[in-house]
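Right, one structure below, let's go through it.
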Amino acid sequence: MHRRWQTEFEQLGPCAQRDGDNIIYLLLTFADYEKHAVVKFDRQHCNFPFRPIKATVLHGGEYVDYFEVIRSLHSNPDASRLTEQVLGTKCLVCDSILCTNTWSPQTKLVMVRDEIAKGLRLKLRHGNRLMVRLLNPRVTKLHDEVWRYIETFL
Ligand SMILES: [Zn+2]
47 MHRRWQTEFE QLGPCAQRDG DNIIYLLLTF ADYEKHAVVK FDRQHCNFPF
97 RPIKATVLHG GEYVDYFEVI RSLHSNPDAS RLTEQVLGTK CLVCDSILCT
147 NTWSPQTKLV MVRDEIAKGL RLKLRHGNRL MVRLLNPRVT KLHDEVWRYI
197 ETFL
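Residue numbers for the sequence shown follow this note's numbering, beginning at 47 and rising by one.
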């Protein structure tokens, strides 16, 4: 299993860094938002690649489960609308490749990385939408339909 881990690490490219035998840190950059995220893959205790890798994201100084980080996107109706615009009917959480029922031993860490990047990007976009609503009182006076149209550009 060591070779597989090594190969997966190499596929992640120069933004990945190993820490011991079981941990890979990965820096994600969202250039258009001028933001970064640090993802931690930990294969200890999770029987990778037969079971999903443990993926956490640096959040307020500690590593928090990825699903915990994007949970607000799953439960908030505005966020769900954005998710639907971007991902169609696919659910960020229920259809995630990190779920035990969708995971397969062929699932690669680069695929997990791409999915996490997509989820975090959605979270940033949703943050922007909230910001516009909060900062501009005129926006909230707009008809809902007009707002939804504007929103598609955010
Ligand atoms: Zn769901």
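We put the CB at the ideal spot given by N, CA and C, even for glycine.
Predicted, not measured: the structure shown is a model, and the values here were computed from it.
Checklist entry - Just to confirm, are L144 and F113 a CB contact at a threshold of 9 Å? => result Yes.
Less than 9 Å between the C-beta atoms of D111 and R175, yes or no? 9 Å or more divides the Cβ of D111 from the Cβ of R175.
**Prompt:** Which residue comes first and which comes last in the alpha helix (DSSP H) that contains L181?
**Reply:** Counting along the chain, L181 sits inside the alpha helix (DSSP H) bounded by residues 155 to 181.
Terminal residues of the continuous beta strand (DSSP E) containing E108? Taken as a continuous stretch (DSSP letters only), the beta strand (DSSP E) holding E108 covers 108 to 111.
Note to self: For I206, report the span of its alpha helix (DSSP H) as first-last.
What the structure shows: Because residue 206 is not part of the residues shown, which for the chain are 47 to 200, the question remains open.
Check your understanding: When burial is assigned at 16 or more other CB atoms within 10 Å of the CB, is E56 buried or exposed?
Key -> E56 comes out exposed.
At least three beta-carbon pairs within less than 8 Å, the stretch 160 to 175 to the stretch 70 to 88
Yes: at least three Cβ pairs fall under 8 Å.
Requested in this report: Pick helix, strand or coil for Q90, following the three-state DSSP scheme.
Outcome: The three-state reading of DSSP puts Q90 in coil, since its state is none of H, G, I, E or B.
Q | Residues bridged to R64 [DSSP beta-bridge criterion] | A | R64 is bridged to I70.
* Asked: With which residues is K100 paired in a DSSP beta bridge?
  -> BP columns for K100 point to D88.
message: If contacts are defined as beta-carbon pairs under 8 Å, then L6 and R159 qualify, I think. What distance do you get, rounded to the angstrom?
response: No statement about residue 6 is possible, as the shown extent of the chain runs from 47 to 200 and does not include it.
Self-check item: Check: D141 C-beta below 8 Å from any heavy atom of ligand 1
Solution: Yes, the Cβ of D141 comes within 8 Å of a heavy atom of ligand 1.
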